[in-house]
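Report on the structure given below.
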Amino acid sequence: MDQENRVVVLIDMDCFYCQVEEKLNPELKGMPIAVVQYNPWKGGGIIAVNYEARAMGVTRGMRGDEAKEKCPEIQLPSVPCQRGKADITKYREAGKEVARVLQKFTALLERASIDEAYLDITLPVEERLRSLDVNTISTDMVPNTFALGYNCVDEFLADVHSCVAESIDFEYDHAKRLLIGAVIVSEIRATVYEETGYRCSAGIAHNKILAKLVCGMNKPNKQTILPKHSINILYKTLPLKKVKHLGGKFGDAVCDILKIKVMSELQQFAEKELQTRFDDKNGSWLYNIARGIDLEHVQARFNPKSIGCCKQFRGKAALLDLENLTKWLKDLGDEIEDRLETDALENNRTPKQMVVSYSVQMPDGRDTSSSRSYNFNTEDELCGETFYNKALELIIESSEGMKPKHCNRKLKAPIKFLGISVGKFEDNTESKKTKKIVDYFAAGCSKDVNKNTKSENKETLVDKVVEKPKSSDGKDFIMKKFFQVKDDGVEKTMDVASNVIIEASLDKQESFFAKMLKNTHKESEQGTYNVIESQIQKDNAKPRTPNCEVMKCGDDSNDTDYSGSTINNEINKSIALFEDEPQDIARISNIRQLLNCKQDITDIKSSVDGNEGSNLSNQIDNIQEENIHDKIENIDCPECRKSIPLNMIVQHSDYHLALKLREEERQIFRDEKDKINKTLIERRQNDRSHKQREKGDRQKINMAPSIEKFVMKVDKCVPTEMCVQCGTRIVLDKLTQHLDFHEAQKLRRELKQKSSPIKTNTNRNVGSVKRKKKMLSPTNKTKLQCKSIDTFFMVRTTGAFLSLHTSPRHSLSDQLSFLLRYVVIYR
DNA sequence: CATGGGTAGTGA
DNA sequence: TCACTACC
């Protein structure tokens with residue numbers, strides 16, 4: 001893959017928090033606004049300013065009061081406070097909403113922050129290049145676009161047009177790709193606005209650093225292209241510190257040591273010289289970036305690698321005693337618990353490590369920070385209490401200075417900062433509790449699912465998956481569905497040689513999903529269902545003669561333990577397998593597979609030679625010659641452009657299918673959430689006095705994938721009754737279950753209250769030695785009681801499950817959705 | 001007391 | 001593993 005001829009984009013939301021506030025409260029639109037945090041002291045600290053307010057001189061970091069002075073009519077919505085600290089959930093959710101839209105355009109997306117994402121659109125550009133003549137690109141196809149080194153886009157357009165014919169200059173050849181990129185980015189930004197209402201800016205260049213750099217050059221709601229031949233023009237005046245990674249101490253050091261200020265001055269130094277002055281790595285990096293070279297990949301990463309929260313306790317607010325420390329650790333732990341719950345639902349993963357960080361004030365007045373990590377055991381319940389207990393343990397054991405004096409429980413040094421974060425996520429590999437998913441799927445297949453799906457408006461991915469293979473076998477299906485290869489052969493995502501290789505490869509190693517689909521259709525009429533172990537599993541286990549192991553299961557096989565070969569499992573495994581860096585993929589493929597792979601190429605070659613003359617054969621030869629160590633066994637995935645070993649391509653296509661399945665899951669989840677939100681808003685307008693009830697409903701939103709939530713999905717013609725507890729319409733024969741749910745929820749809340757009595761600073765009835773002991777022990781009565789409640793939930797859900805899976809009203813998609821959710825929550 | 005809370009990454 | 005840097 002040519003790192004130097006990519007088309008890389010940075011999408012950055014304009015004053016994102018302000019936009020979120022404007023969307024939530026449309027009355028604010030058009031007014032100068034700034035989002036503040038903690039308003040009591042001097043009007044709070046400003047963390048985002050919209051462009052109306054910027055025009056009045058309001059900036060980030062100002063206090064709210066100061067902003068009011070500069071701009072008396074400014075509106076200052078504030079970040080919500082939860083558990084005594086700022087809570088940015090709504091902005092985080094909004095960021096996700098945007099990223100999901102971006103993801104539709106390329107899988108090669110890296111979320112860089114809450115409001116920024118890098119996209120590698122090299123492949124979409126290449127594809128567009130085939131259908132779009134660069135000479136026909138006009139200004140209206142690239143609105144709000146700037147090109148560095150040109151007064152306006154038209155000049156750039158003209159320049160590219162005039163050079164296309166000759167294509168003498170290599171850089172101009174890339175410029176036309178950037179132009180196509182700009183067309184696509186215009187579409188992306190328009191879609192983001194259409195689907196979310198948010199505006200963003202973009203930088204379009206051939207690497208991440210430059211895309212990021214130019215993104216900020218025209219804002220808001222603009223996009224900026226940086227053609228390679230304009231880099232030096234830009235660098236001539238560009239302060240070195242503006243470049244990512246050079247904004248801090250390192251950038252200062254570079255400027256000091258080399259006595260330079262702007263980027264172009266960096267070019268005079270030899271690589272060796274830079275390496276001696278800094279170190280090898282930094283020296284080379286500086287040498288490259290001075291020439292506009294940055295080889296860093298855009299990683300395909302949507303989810304954060306860690307989830308954490310922290311708080312400062314400045315000056316007098318510093319924590320001085322154990323009570324205070326305890327209280328805040330508890331609050332932080334509870335927030336992590338809440339966020340992990342959402343994360344588990346959306347991503348089906350579990351953190352394996354937690355880190356507590358803190359800083360204390362030294363006797364000399366300076367702050368020193370420390371952090372301690374803890375790797376979870378399998379017995380650890382991942383809840384706020386565990387986080388808090390472990391955090392406290394770690395802090396106390398890490399520092400004698402922290403040990404409270406026994407008489408007054410005062411800490412020896414004041415704590416100025418506390419933070420807990422969890423990370424090192426691993427995918428949840430279901431075993432026992434997922435086994436029923438198989439029966440469930442079987443039941444779904446044995447019914448006439450299609451009848452039901454046809455009556456529905458939206459055709460879901462799962463529905464398509466089930467319907468499609470009727471006309472094509474697994475291989476074709478996989479090819480068409482996941483590699484966007486059209487039947488007519490007119491529009492092809494990949495080049496012909498790649499197609500041949502992948503098709504041949506598919507014959508040798510069938511995918512889990514392909515097998516699943518085939519067998520589903522063969523067996524569905526008899527009401528049985530086959531589950532076949534995936535290639536991935538097989539690779540891990542001992543080799544067997546047959547390619548796959550077939551397990552039969554019908555309605556009578558409820559007790560069989562189908563350890564782990566479930567759809568959900570496959571989705572997770574497929575995703576886990578490819579979510580990391582490309583190197584991991586290389587590691588997975590072993591020598592044996594590589595050998596098979598080469599064999600494949602020879603097979604293909606001979607078959608092609610026989611059939612179609614030598615053109616294809618030459619192409620394959622070329623691939624081999626180009627890079628004997630890489631290209632033979634690797635192929636660029638048309639979906640995400642990662643280099644995938646040929647023998648892994650099936651698993652990799654499964655990965656993309658899995659992503660899509662999971663995305664559909666999420667969409668259904670979100671739709672439901674939206675529905676509940678809408679009724680909530682409606683009700684708030686009708687009835688403002690029922691705050692308490694709202695609170696209950698909010699909780700319900702968080703717990704959306706519950707029986708109740710699912711029950712709400714049923715058709716409107718079914719007889720329903722209003723639930724007295726939450727006011728939702730419930731299908732009559734589900735009402736009992738629904739009320740049980742409320743009871744269970746109440747109980748659970750009560751228990752939670754009991755287990756965490758320290759809710760505020762003013763709560764005085766804490767601090768006995770007895771209490772302390774209880775806090776520090778994870779194996780207390782409360783925990784056991786909580787467990788039993790979970791069991792209660794389980795039983796009820798299973799009840800719902802049983803009644804639902806025999807119901808012909810639900811599409812297979814719905815049923816599968818439910819099951820996946822069921823598995824995630826009640827793991 | 002006074003830009004705070006939240007991420008990712010690196011080197012020893 | 002932890003201290004520290006860098007960025008939004």
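Mapping to full-length UniProt numbering: the first sequence position 550 is 550, numbers consecutive.
Here a beta-carbon is modelled for each residue, glycine too, at the ideal position from N, C-alpha and C.
Keep in mind that this is a model prediction, so the values were computed, not measured.
Is the separation between the beta-carbon of arginine 6 and that of aspartate 154 shorter than 8 Å? Counting from one through the first sequence, the residue named residue 6 turns up at place 6. Counting from one through the first sequence, the residue named residue 154 turns up at place 154. No, Cβ-Cβ distance for arginine 6 and aspartate 154 is not below 8 Å.
I'd like the list of long-range same chain contacts for tyrosine 193, defined as Cβ closer than 7 Å, with 5 residues on each side in sequence excluded. Start at 1 with the first residue of the first sequence, and residue 193 comes out as number 193. Once the five neighbours on either side are set aside, the close Cβ partners of tyrosine 193 are Arg199.
On the criterion of 16 or more Cβ atoms from any shown chain inside 10 Å, does glutamine 223 qualify as buried, or is it exposed? Within the first sequence, the letter at position 223 stands for residue 223. Buried is the call here.
DSSP three-state call for cysteine 18: helix, strand or coil? On the first sequence, residue 18 is found 18 positions in, with the first residue counted as 1. Of the three classes helix, strand and coil, the one that applies to cysteine 18 here is helix, per DSSP.
Among Phe302, Trp285, Cys309, which has the Cα closest to the Cα of leucine 295? Residue 295 sits at position 295 when you count from the first residue of the first sequence. With distances taken between Cα atoms, leucine 295 lies closest to Trp285.
What would DSSP say about asparagine 303, mapped onto helix, strand or coil? Numbered from its first residue, the first sequence carries residue 303 at position 303. Correct three-state label for asparagine 303: coil.
Own chain partners of alanine 117 with C-beta closer than 6 Å, once the 5 adjacent residues on each side are dropped: For the purposes of this step, residue 117 is taken as residue 117 along the first sequence, with counting starting at 1. Closer than 6 Å at Cβ, skipping near neighbours: Ile11, Ala99, Leu102, Leu109, Arg111.
Local conformation of glutamate 381 per DSSP, three classes: In the first sequence, counting from the first residue as 1, residue 381 sits at position 381. DSSP places glutamate 381 in coil when its eight states are reduced to three.
Using a Cβ distance threshold of 8 Å, determine whether the segment 60–79 contacts the segment 23–38, with at least three qualifying pairs required. yes
May I ask you to report which of helix, strand or coil DSSP gives alanine 190? Indexing the first sequence from 1 puts residue 190 at position 190. In the structure shown, alanine 190 sits in a helix (DSSP, three-state: H, G or I).
Return helix, strand or coil for leucine 109, following the three-state DSSP convention. Translated into the one-based positions of the first sequence, residue 109 becomes position 109. If DSSP states are grouped into helix, strand and coil, leucine 109 belongs with the strands.
Can you tell me the Cβ-Cβ gap for leucine 392 and tyrosine 374, rounded? I've got them flagged as a contact below 8 Å. Residue mapping note: residue 392 aligns to position 392 of the first sequence, counting from 1. Residue mapping note: residue 374 aligns to position 374 of the first sequence, counting from 1. The Cβ separation is near 11 Å, so there is no contact.
Exposed or buried, what is isoleucine 420 when buried is set at 16 or more other beta-carbons lying within 10 Å of its beta-carbon? Residue mapping note: residue 420 aligns to position 420 of the first sequence, counting from 1. By the neighbour-count rule (16 or more Cβ atoms within 10 Å), isoleucine 420 is buried.
Below 6 Å CB to CB, which residues in the same chain sit around glutamate 195 once its five sequence neighbours on both sides are set aside? What you label residue 195 is simply residue 195 of the first sequence in a count that begins at 1. Taken in chain order, the residues that qualify are Val101.
Can you name, in chain order, every residue of its own chain whose Cβ lies under 6 Å from the Cβ of methionine 150, other than the five neighbours on each side? Here residue 150 refers to the residue found at position 150 of the first sequence. The amino acid at residue 150 is misidentified as methionine; the sequence shows tyrosine. Phe156, listed in sequence order.
Considering only residues of the segment 328–364, which uninterrupted beta strand (DSSP E) runs meet the minimum length of 3 residues and lie entirely inside it, listed in chain order? 349–361
Who are the Cβ neighbours of glutamine 526 in its own chain at under 6 Å, not counting the five residues just before and after it? Stepping through the first sequence from its first residue, residue 526 is reached at position 526. Confidence at glutamine 526 is low in this model, with a pLDDT of 31, below 50, so its placement is unreliable and no value can be given for it.
For valine 49, which of Asn348, Asp380, Thr59 has the nearest alpha-carbon? On the first sequence, position 49 is the one that residue 49 refers to. Answer by Cα proximity: Thr59.
Are alanine 55 and isoleucine 46 touching if we call contact CB-CB under 8 Å? As a position in the first sequence, residue 55 is number 55, starting the count at 1. As a position in the first sequence, residue 46 is number 46, starting the count at 1. Not a contact, by the Cβ cut-off of 8 Å.
Which of the three DSSP states is assigned to proline 239 in this structure? For the purposes of this step, residue 239 is taken as the residue at position 239 of the first sequence. The answer is strand: DSSP assigns proline 239 an E or B state.
How long is the line joining the alpha carbons of methionine 217 and glutamate 66, rounded to whole angstroms? Translated into the one-based positions of the first sequence, residue 217 becomes position 217. Translated into the one-based positions of the first sequence, residue 66 becomes position 66. Those two C-alpha atoms are separated by around 27 Å.
Answer yes if the segment 227–235 comes into contact with the segment 251–261, meaning at least three C-beta pairs across the two stretches below 8 Å, and no otherwise. no
The segment 411–419 in contact with the segment 354–366 per 3-pair CB rule at 8 Å: yes
Alpha carbon to alpha carbon, how far is glycine 61 from lysine 90? Give it in angstroms, no decimals. The residue you call residue 90 lines up with position 90 of the first sequence. The residue you call residue 61 lines up with position 61 of the first sequence. Approximately 21 Å, taken between the alpha carbons.
Between which two residues does the beta strand (DSSP E) carrying glutamate 4 extend? On the first sequence, position 4 is the one that residue 4 refers to. Looking at the DSSP string, glutamate 4 is not in any beta strand (DSSP E), and its letter there is neither H nor E.
Would you mind working out which of Ala94, Thr106, Ser369 sits nearest aspartate 115, comparing C-alpha positions? Taking the first residue of the first sequence as 1, we reach residue 115 at position 115. Of Ala94, Thr106, Ser369, the residue nearest in Cα terms is Ala94.
Residues bridged to glutamate 426 (per DSSP): Here residue 426 refers to the residue found at position 426 when the first sequence is read from its first residue. BP columns for glutamate 426 point to Thr350.
Three-way DSSP call (helix, strand, coil) for leucine 680 in this model: Here residue 680 refers to the residue found at position 680 when the first sequence is read from its first residue. With a pLDDT of only 46 at leucine 680, under 50, the local geometry of the prediction cannot be trusted, and no value is derived from it.
Going by CA-CA distance only, name the one from Lys410, Thr139, Gly333 that's closest to glutamine 82. As a position in the first sequence, residue 82 is number 82, starting the count at 1. With distances taken between Cα atoms, glutamine 82 lies closest to Gly333.
Just list the beta strand (DSSP E) runs in the segment 223–297, keeping only unbroken ones of 3 residues or longer that don't cross its boundaries, in chain order. 223–225
Sorted by chain position, which residues of the same chain lie with C-beta nearer than 6 Å to tyrosine 38's C-beta, five sequence neighbours on each side aside? The residue given as residue 38 occupies position 38 in the first sequence. Around tyrosine 38: Gly44.
Would you call the segment 318–327 and the segment 275–282 in contact, with 3 or more CB pairs under 8 Å? no
Use the C-beta contact count for tryptophan 328: other C-beta atoms within 10 angstroms, 16 or more gives buried, fewer gives exposed. The residue given as residue 328 occupies position 328 in the first sequence. Tryptophan 328 should be labelled buried.
Can you give the Cα-Cα distance for alanine 344 and leucine 178, rounded to whole angstroms? The sequence position of residue 344 within the first sequence is 344, counting from 1. The sequence position of residue 178 within the first sequence is 178, counting from 1. Whole-angstrom Cα-Cα distance: 39 Å.
Taking the alpha helix (DSSP H) that valine 58 falls in, what are its first and last residues? For this step, residue 58 is matched to residue 58 along the first sequence. Note, valine 58: premise wrong, no alpha helix (DSSP H); not H, not E.
Short of 6 Å in beta carbon distance, which residues of its chain neighbour alanine 290, apart from the five on each side in sequence? Order them along the chain. Numbered from its first residue, the first sequence carries residue 290 at position 290. The answer, listed in chain order, is Leu266, Gln267.
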